[in-house]
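Numbering follows the UniProt record's numbering, in which position 88 of the sequence shown is assigned residue number 88; successive positions increment by one, without gaps. Here a beta-carbon is modelled for each residue, glycine too, at the ideal position from N, C-alpha and C. Here the structure comes first, spelled out in structure tokens, and everything after it is commentary.
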Amino acid sequence: MDILNDTDFMAIFIDMFRELPCLWQINHPHYKNQTKRKAALDQLLEFVKQVIPTADTTYLKILIGGLRSSYLREHKKVQDSQRSGAADDIYVPRMWYYDRLHFLAGQTEPRSSLSSLLSTLPSPPAEASDAQHGPSRQQHVEEPSLSQGSLSQEVAGPSRLPDIQVPPLHPQRESGRKRSTLEEAAIGLFWKATEALTAPHTVEEDFAGIIA
1 MDILNDTDFM AIFIDMFREL PCLWQINHPH YKNQTKRKAA LDQLLEFVKQ VIPTADTTYL
61 KILIGGLRSS YLREHKKVQD SQRSGAADDI YVPRMWYYDR LHFLAGQTEP RSSLSSLLST
121 LPSPPAEASD AQHGPSRQQH VEEPSLSQGS LSQEVAGPSR LPDIQVPPLH PQRESGRKRS
181 TLEEAAIGLF WKATEALTAP HTVEEDFAGI IA
């Protein structure tokens, strides 16, 4: 059943709602009195249950909220069209009960803007901010590891040392497993270079290294 299109029911319901200002008039002394508001909702609920026996307080609040939102949205469209200055372009509300809800005009609670809300929040200290965000990506990249430059310095030696191509290491954006594999490969190359330095050489090899 589309209760909003039941003209007899909605006409009575809206009239009853208007007679309970503690539910809609924001300046009413009982507007924030939960006891008074609950008593008013119970009165409306008794009437609604005559048409919808399964209705409860949650259903009633949804119905009231839907009426308020629909009216305020249509009312804004009317006001915007009136400010445009064109008489032929005045918006005509589509809700048949629009005029019955005129008592809701201007009954909206002001909402704090986001900027004013943020201005009331204390600024976090620098230490807490750094701890929260953690190390930067650059700091993460510069973690201790075997770099190409350090390997080159450790294996540098006489000209007879055979050329060794050390693969560049890029620890950033690499998983722990892949980074360990690259480091193991670099360490293996390092030991090969060390063996080349300590291995005995023949006279022919030394002579070849001098004239190279």
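At the level of alpha carbons, what is the spacing between residue i and residue j?
i           : j      : result
Arg83       : Tyr91  : 11 Å
Ile52       : Gly85  : 44 Å
Arg37       : Ile26  : 12 Å
residue 254 : Leu63  : A question about residue 254 goes unanswered here, because the residues of the chain that appear run from 1 up to 212.
Asp42       : Thr108 : 23 Å
Ala39       : Asp6   : 25 Å
Tyr97       : Thr35  : 29 Å
Phe9        : Phe17  : 12 Å
Lys76       : Asp89  : 14 Å
residue 215 : Gln79  : Summary: the structure shown does not reach residue 215, with the chain confined to residues 1 through 212, and so no result is reported for it.
Leu4        : Ser81  : 26 Å
Tyr59       : Gly65  : 10 Å
With a threshold of 16 other CB atoms inside 10 Å of the CB of residue i, please say whether the residue is buried or exposed.
i      : result
Pro144 : Reliability fails at Pro144, whose pLDDT of 43 lies under 50, so the model's placement of it is uncertain and no value is given.
Glu127 : Residue placement at Glu127 is flagged as unreliable, the pLDDT there being 45, under the threshold of 50; the coordinate-derived value follows with that caveat. Glu127 comes out exposed.
Leu151 : The predicted model places Leu151 with a pLDDT of 38, which falls under 50 and marks its position as unreliable, so this point remains unresolved.
Taking 8 Å as the cut-off, decide whether the C-beta atoms of residue i and residue j are in contact.
i     : j     : result
Leu45 : Thr57 : yes
Lys49 : Ala55 : yes
Arg94 : Ala11 : no
Legend entry - Cβ contact (3+ pairs, closer than 8 Å) linking the segment 90-107 and the segment 66-76: yes
Legend entry - Validate contact between the segment 30-37 and the segment 7-22 using beta carbons, cut 8 Å, 3 pairs: yes
Inset, instruction - Please go through the UniProt domain "MADF" (12-109) and give each complete alpha helix (DSSP H) segment of 4 or more residues, from N-terminal end onward. - result: 34-48 and 57-83
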